[in-house]
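Trainee: Protein chains in written order, with my numbering: chain A, 7 to 278; chain B, 52 to 263.
The C-beta atom is built at its ideal place from N, Cα and C for all residues, glycine as well.
1. Starting from the beta carbon of residue 102(A), find every residue of chain B whose beta carbon is closer than 8 Å, and list them in chain order.
2. Which residues in chain A sit within 7 Å of residue 166(B), going by Cβ to Cβ distance?
3. Can you list, in chain order, the residues of its chain whose CB lies under 8 Å from that of residue 69(B), leaving out five sequence neighbours each side?
4. Taking 8 Å as the threshold (beta carbon to beta carbon), is residue 124(B) in contact with chain A?
5. If you reduce the DSSP assignment to three classes, tell me which class residue 260(A) lands in.
6. Just curious, the alpha helix (DSSP H) that residue 203(A) is in, first and last residue?
7. Closest Cβ-Cβ distance between residue 53(A) and chain B: below 8 Å?
8. Using the beta-carbon of each residue, which ones in chain B are nearer than 7 Å to residue 196(A)?
9. Which residue marks the beginning of the alpha helix (DSSP H) containing residue 147(A), and which one marks its end?
10. Of all Cβ atoms in chain B, is any one closer than 8 Å to the Cβ of residue 260(A)?
11. Which residues in the same chain have their Cβ closer than 8 Å to the Cβ of residue 73(A), if we skip the five residues on either side of it in sequence?
12. Go ahead and pull the three-state DSSP assignment for residue 68(A).
13. Going by Cα to Cα distance, which pick from 95(A), 167(A) and 259(A) is closest to residue 242(B)?
14. With 8 Å as the threshold, decide whether the Cβ of residue 179(A) is near any Cβ in chain B.
15. Chain A partners of residue 172(B), CB-CB under 7 Å?
16. So, using beta-carbon positions, are residue 59(A) and residue 124(A) closer together than 8 Å?
17. I need the straight-line Cα distance from residue 227(A) to residue 186(A), nearest angstrom please.
18. Note down the Cα distance separating residue 35(A) from residue 249(A), rounded to an integer number of angstroms.
19. Are the segment 163-171 of chain B and the segment 191-205 of chain A in contact at 8 Å, needing three or more beta carbon pairs?
20. Keeping to the same chain, check which residues put their C-beta closer than 7 Å to that of residue 191(B); ignore five residues upstream and five downstream.
21. Three or more beta-carbon pairs under 8 Å between the segment 240-256 of chain B and the segment 231-249 of chain A, yes or no?
22. In or out: residue 88(B) buried (at least 16 other Cβ within 10 Å) or exposed?
23. Is it true that the CB of residue 271(A) sits closer than 8 Å to the CB of residue 14(A)?
24. Mind checking residue 99(B): buried by the 16 CB within 10 Å criterion, or exposed?
25. Since residue 198(B) contacts residue 174(B) with CB under 8 Å, what's their CB separation in whole angstroms?
26. Classify residue 208(B) as buried or exposed, calling it buried when 16 or more other Cβ atoms lie within 10 Å of its own Cβ.
27. Looking at the secondary structure, which residues open and close the alpha helix (DSSP H) in which residue 99(A) lies?
28. Which of the three DSSP states, helix, strand or coil, is assigned to residue 130(A)?
29. How about residue 144(A): is its C-beta nearer than 8 Å to some C-beta of chain B?
30. Less than 8 Å separating the beta-carbons of residue 144(A) and residue 172(A)?
31. Cβ closer than 8 Å: which chain A residues qualify as neighbours of residue 69(B)?
32. Please tell me whether residue 161(B) has its Cβ less than 8 Å away from any Cβ of chain A.
33. Which residues in the same chain have their Cβ closer than 6 Å to the Cβ of residue 105(A), if we skip the five residues on either side of it in sequence?
34. Can you name, in chain order, every residue of its own chain whose Cβ lies under 6 Å from the Cβ of residue 37(A), other than the five neighbours on each side?
35. Give the interface partners of residue 207(A) over in chain B, defined as CB-CB distance under 7 Å, in chain order.
36. Which residues bound the beta strand (DSSP E) around residue 235(B)?
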């Protein structure tokens, strides 16, 4: 009886400690796990994979530090994939604080892939206005981004000479932790008929599945699991893949505590 | 400089995590620091990204008569601040009305064009969908039936113009099941997201001390 009562009233700090340990131990021991690629991540990958060389991909950084652990590995993988396929990347974002944060990853991947600024990619920077900017870019990108993030006129870059609006962009990739991915879908995809896939946090992913089912999205990379799957497809294991064992063990631990708490509660109620 | 920044991040991470044990001055310090930095950041943000480049610089740059159109948003901005003065706070309703009207116009178009119509199209599916193999036919058809039953039953659950009894009651009960499955999936994904953030922070700490 005492044990059952204990089960249903476990101190929350014991749960925190247990979850902390099951996360730290796999990270320290560098345990590896096989990654099974889901259909929605595979279709996102195929969207990039099937583009002809020279096509333009617009990557929108719509996240900040609060969700960087989930979205940074996606950004790196998608960027590597684009440069490997010899695609051109336009880098912008809907959060002023997100762009400098992801700049570190942009610099790292472009250096690794020998991508040349102005030829293979351009950092448009951030402009306030949200939806107004999204819609205006459908007319002319220069109306909002006459210069790049360092105030250099974008017409001085060879890559930008043929890029004016969404007609010149093959795919939009929104890496988002909020509503931005839905804004891209509702305002840009529906109006300009451009293809898009989204890399989003686990919290946002369920809200995007109806768009995938309706064919408005070509794929979804959801949470750290999605990031690990994309890393597997690109063939470069990073923080997404390394985090998966910790994630799996933590999920098992949470399930264990849910079952334990419920067993304690129901048995105790029946006896009383 | 990078090293100092890293160790400040380590200290603040540990300070925030210390709340898991109990509330303490270290946590309070980190929390207040975060609120202060965020407030400061937004003040600078509004000035550096909105007011200066889009209003002041643009007004000085333009030469024609059109530049005077920028006076209108400037006046609207000042009217918005009137909210802080109780006697004339009613003036702020005008720019708010403008903002609400514009947002509603944009939102309605996007909702109809980008959500309602494509989602209705996505729901109009054949209940028996022939695939490349019998297995595929079965799974596609089952998927389409699930979507059909789910949409109809959830709409029934939120249909309050008639009393929920008989067939409507059964339909709405089925709708509750679909809603619960949806909430469960959302909650599961949310747990995954929070654990991912914990993994990110712990990986950072382990990297700093050289364990990973």
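Mentor: In short:
1. Within the first chain, the letter at position 96 stands for residue 102(A). By Cβ distance, chain B contributes 96 and 100.
2. Your numbering for residue 166(B) matches position 115 in the second chain. 192, listed in chain order.
3. In the second chain, the residue the question calls residue 69(B) occupies position 18. Hits under 8 Å: 75, 77 and 78.
4. Translated into the one-based positions of the second chain, residue 124(B) becomes position 73. Answer no: the Cβ-Cβ gap between residue 124(B) and chain A never drops below 8 Å.
5. Here residue 260(A) corresponds to residue number 254 of the first chain, with the count starting at 1. DSSP places residue 260(A) in helix when its eight states are reduced to three.
6. Position 197 of the first chain holds residue 203(A). Counting along the chain, residue 203(A) falls outside any alpha helix (DSSP H), though it belongs to the beta strand (DSSP E) covering 201-206.
7. What you label residue 53(A) is simply residue 47 of the first chain in a count that begins at 1. Not an interface residue.
8. The sequence position of residue 196(A) within the first chain is 190, counting from 1. Listed along the chain, the chain B residues whose CB falls inside 7 Å of the CB of residue 196(A) are 164, 165 and 169.
9. In the first chain, the residue the question calls residue 147(A) occupies position 141. No alpha helix (DSSP H) holds residue 147(A); DSSP gives it neither H nor E.
10. For the purposes of this step, residue 260(A) is identified with residue 254 of the first chain, where counting begins at 1. Judged by the 8 Å Cβ criterion, residue 260(A) is in contact with chain B.
11. Taking the first chain and counting its residues from 1, one reaches residue 73(A) at position 67. So the qualifying residues of the chain are 183 and 207.
12. If you number the first chain from 1, residue 68(A) lands on position 62. In the structure shown, residue 68(A) sits in a strand (DSSP, three-state: E or B).
13. Here residue 242(B) refers to the residue found at position 191 when the second chain is read from its first residue. Checked all of 95(A), 167(A) and 259(A); the closest Cα to residue 242(B) is 259(A).
14. On the first chain, residue 179(A) is found 173 positions in, with the first residue counted as 1. No - not a single Cβ of chain B is within 8 Å of the one on residue 179(A).
15. Here the question's residue 172(B) lines up with position 121 in the second chain. Here the neighbours are 220.
16. Counting from one through the first chain, the residue named residue 59(A) turns up at place 53. Counting from one through the first chain, the residue named residue 124(A) turns up at place 118. No. Outside cutoff.
17. On the first chain, position 221 is the one that residue 227(A) refers to. On the first chain, position 180 is the one that residue 186(A) refers to. Those two C-alpha atoms are separated by around 15 Å.
18. On the first chain, residue 35(A) is found 29 positions in, with the first residue counted as 1. On the first chain, residue 249(A) is found 243 positions in, with the first residue counted as 1. Here the C-alpha atom of residue 35(A) lies approximately 12 Å from the C-alpha atom of residue 249(A).
19. yes
20. Working through the second chain from its first residue, we reach residue 191(B) at position 140. Short of 7 Å from the beta carbon of residue 191(B), and not among the five residues preceding or following it, lie these beta carbons of its own chain, in chain order: 180 and 182.
21. Between the segment 240-256 of chain B and the segment 231-249 of chain A there are three or more C-beta pairs closer than 8 Å, enough to call the two in contact.
22. In the second chain, counting from the first residue as 1, residue 88(B) sits at position 37. The residue is exposed, with fewer than 16 neighbouring Cβ atoms inside 10 Å.
23. Within the first chain, residue 14(A) is the residue found at index 8, counting from 1. Within the first chain, residue 271(A) is the residue found at index 265, counting from 1. Yes, the Cβ-Cβ distance between residue 14(A) and residue 271(A) is below 8 Å.
24. Position 48 of the second chain, counting from 1, holds the residue named residue 99(B). The residue in question, residue 99(B), is exposed, as its Cβ has fewer than 16 Cβ neighbours within 10 Å.
25. Residue 198(B) sits at position 147 when you count from the first residue of the second chain. Residue 174(B) sits at position 123 when you count from the first residue of the second chain. The pair is a contact, with the Cβ atoms about 6 Å apart (cut-off 8 Å).
26. The residue labelled residue 208(B) in the question sits at position 157 within the second chain. Residue 208(B) should be labelled buried.
27. Counting from one through the first chain, the residue named residue 99(A) turns up at place 93. Careful: residue 99(A) lies outside any alpha helix (DSSP H), inside the beta strand (DSSP E) at 94-99.
28. As a working mapping, residue 130(A) is identified with position 124 in the first chain. DSSP places residue 130(A) in strand when its eight states are reduced to three.
29. Taking the first chain and counting its residues from 1, one reaches residue 144(A) at position 138. False, the Cβ-Cβ gap to chain B never drops below 8 Å.
30. Taking the first residue of the first chain as position 1, residue 144(A) is located at position 138. Taking the first residue of the first chain as position 1, residue 172(A) is located at position 166. Closer than 8 Å, so yes.
31. As a position in the second chain, residue 69(B) is number 18, starting the count at 1. Neighbours of residue 69(B) on chain A: none; closest Cβ ~11 Å, over 8 Å.
32. Locating residue 161(B) in the second chain gives position 110, where the first residue counts as 1. It does; some Cβ of chain A falls within 8 Å.
33. The residue labelled residue 105(A) in the question sits at position 99 within the first chain. 67, 99 and 132, listed in sequence order.
34. Taking the first chain and counting its residues from 1, one reaches residue 37(A) at position 31. Cβ neighbours of residue 37(A) beyond the five flanking positions: 251.
35. For the purposes of this step, residue 207(A) is identified with residue 201 of the first chain, where counting begins at 1. The contacting residues are 244.
36. Counting from 1 along the second chain, the entry for residue 235(B) is found at position 184. Boundaries for residue 235(B): no beta strand (DSSP E) harbours it, while the alpha helix (DSSP H) harbouring it runs 218-259, taken from the DSSP string.
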